[in-house]
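The UniProt record's numbering puts the last residue of the sequence shown at 311; the count rises by one with no breaks.
To start, the structure under review is shown below, and the notes come after it.
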Amino acid sequence: MNARLEQVLQQWQPGQRFIIQPGTAGVASPHRLATEWTGFWLESAGQRFYAKVLCDDQRALLDVHRSAEISRQAGELGIAPVLCHADEAAGVLIFAALDDDFRWAKLAHFSDPRQFGALTRTLDRLHEAALPLPQHSRQQDMLALRQQLQQAQVVLPEEMVWLGECVDLAWQALNASAFTPVLIHGDPIASNWMVNSQGEWRLLDFDYAAQGDAWHDIATLIHEQLPTDDRWRDAIRSWRGECREADVARCRLYALVDDYHWTLWGMLNGHTSLRGLEFAKLGQWMLLRCRQSARDPRFERWLTLTAEQTA
């Protein structure tokens, strides 16, 4: 990792000395943090940067070009760190470091109405920016994971067949509903947000950005809180100004398909990665969340309400 980073730095800024220090350590469970990239703090000539070096076991899972281009666009919007340099072949991204005042978000921020409003406004800026849309969707990402699991001959729990059928029904209903495709972040969980003491938010890691429905991001943001039914409604109402049962249904289905994606991801990485992170444990935790959603007695009603939604 260090050698690859040093080579990229030499090509980017020939002859310039960089102080390199380890960045955020990777954690897969109970929350994902720095699982795809290894981070490094950089300092040179009074300037500070944060470099991300793609882990070797993620090369088949991530599109570095996709990550770099959307990171660049988000930085230009002012909602994310500024991307200073990208070496896609080497799998290295270098960002301007955020001020020391910025800290990782906590789940408590998500349940605070004032902070939640700031989070949704940040996502709204991304959704409304009219940036070029990627060709792929989060559903295609999920299908790619299924294929990779088959190729790796990973033995999955028997219930994954039934859950996969439920998720396919959910995607069918979601795709049938009316929405204008926008650029979504695709993974706005707590570990992908930073906030400073002035309440300014920055969004990190656009590895799973895609063409999709703005409701997908909002549903993931709410679902991160493991909300009660009342919290689902209150959060939707704070974003949209109203909350219909069809809105709740739509969010609950997006929460299910997101959990299913990370179930597959955790099980695949638990089988293929040698880094010692608890990927399989994360997969089991996401599987539990999938099971709870798919077994909810309202699931079929969610499908119907979502598919019939026209706006």
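Glycine residues also receive a C-beta, built at the ideal position from the N, C-alpha and C atoms.
What are the start and end residues of the beta strand (DSSP E) that includes residue i?
i, result
"valine 92", "92-96"
"phenylalanine 40", "37-44"
"tyrosine 260", "First-last for tyrosine 260: 245-272, but that is the alpha helix (DSSP H), not the beta strand (DSSP E)."
"methionine 286", "Looking at the DSSP string, methionine 286 is not in any beta strand (DSSP E); the run it does join, the alpha helix (DSSP H), is 279-294."
"glutamine 47", "47-54"
"glycine 212", "210-212"
"methionine 194", "193-195"
"arginine 275", "Segment: none, arginine 275 is in no beta strand (DSSP E) and carries neither H nor E."
"valine 167", "Looking at the DSSP string, valine 167 is not in any beta strand (DSSP E); the run it does join, the alpha helix (DSSP H), is 159-176."
"arginine 202", "201-203"
Starting from the Cα of residue i, find the closest Cα among the options and give me that residue.
i, options, result
"alanine 90", "His65, Pro81, Phe116, Asp247", "His65"
"leucine 54", "Pro81, Val8, Ala74", "Val8"
"residue 312", "Trp302, Ile222, His271, Arg202", "In the structure displayed, the chain extends from 1 to 311; residue 312 sits before or after that span and is not available."
"serine 67", "Gln21, Arg32, Gln150, Leu203", "Leu203"
"valine 82", "Tyr50, Glu6, Gly283", "Tyr50"
"serine 177", "Glu43, Glu308, Lys106, Gln16", "Glu308"
"glutamine 135", "Gly75, Leu145, Ile70", "Ile70"
"leucine 61", "Phe95, Gln148, Trp104, Leu126", "Gln148"
"glycine 276", "Ala28, Leu107, Tyr208", "Ala28"
"arginine 17", "Arg48, Arg32, Cys84, Asp229", "Arg48"
"threonine 272", "Val155, Asp217, Leu169, Ala210", "Val155"
"leucine 33", "Trp215, Asp207, Ala118", "Asp207"
"threonine 304", "Trp12, Asn175, Met1", "Asn175"
"residue 345", "Ile20, Trp201, Ala25, Gly26", "Outside the displayed span of the chain (1 to 311) sits residue 345, for which this structure offers no information."
"leucine 107", "Met142, Gly26, Phe116", "Phe116"
"tryptophan 285", "Gly266, Pro297, Arg295, Gln140", "Gly266"
"proline 181", "Pro188, Glu128, Ser238, Arg291", "Glu128"
"proline 113", "Ser238, Leu282, Gly283, Ala249", "Ser238"
"proline 30", "Glu278, Arg233, Arg291", "Glu278"
"alanine 130", "Glu43, Asp187, Ala74, Glu36", "Ala74"
"isoleucine 222", "Gln13, Lys52, Thr120", "Thr120"
"alanine 152", "Gly15, Asp296, Asp57", "Asp57"
"glycine 186", "Asp168, Ala249, Gln198, Ala210", "Ala210"
Taking the Cβ atom as the reference point for each residue, do residue i and residue j lie within a distance shorter than 7 Å?
i, j, result
"aspartate 205", "asparagine 192", "yes"
"serine 293", "glycine 212", "no"
"leucine 93", "alanine 86", "yes"
"leucine 253", "threonine 306", "yes"
"cysteine 243", "alanine 219", "no"
"leucine 274", "leucine 145", "no"
"serine 261", "methionine 142", "Correcting the residue identity first, residue 261 is histidine in this sequence and not serine. It is a contact, given that the beta carbons lie within the stated cut-off."
"arginine 298", "aspartate 259", "no"
"glycine 23", "glycine 46", "no"
"tryptophan 162", "glutamine 139", "no"
"alanine 235", "alanine 105", "no"
Which residues mark the beginning and the end of the alpha helix (DSSP H) in which residue i is found?
i, result
"phenylalanine 18", "Per DSSP, phenylalanine 18 belongs to no alpha helix (DSSP H) and is neither H nor E."
"aspartate 229", "229-240"
"isoleucine 79", "Unbroken run through isoleucine 79: none, as it is neither H nor E."
"leucine 123", "113-127"
"leucine 183", "Taken as a continuous stretch (DSSP letters only), leucine 183 belongs to no alpha helix (DSSP H), being part of the beta strand (DSSP E) at 182-184."
"alanine 144", "138-151"
"leucine 226", "Here leucine 226 belongs to no alpha helix (DSSP H), and DSSP marks it neither H nor E."
"arginine 301", "299-307"
Assuming residue i contacts residue j under a Cβ cut-off of 8 Å, what Cβ separation, rounded to an integer in Å, is found between them?
i, j, result
"leucine 183", "leucine 126", "6 Å"
"leucine 123", "aspartate 217", "5 Å"
"glutamate 224", "phenylalanine 110", "6 Å"
"methionine 194", "phenylalanine 102", "4 Å"
"tryptophan 215", "phenylalanine 179", "7 Å"
Are the C-beta of residue i and some C-beta of chain B separated by less than 7 Å?
i, result
"leucine 119", "Given the protein chain composition of this structure (a single chain), no chain B is represented."
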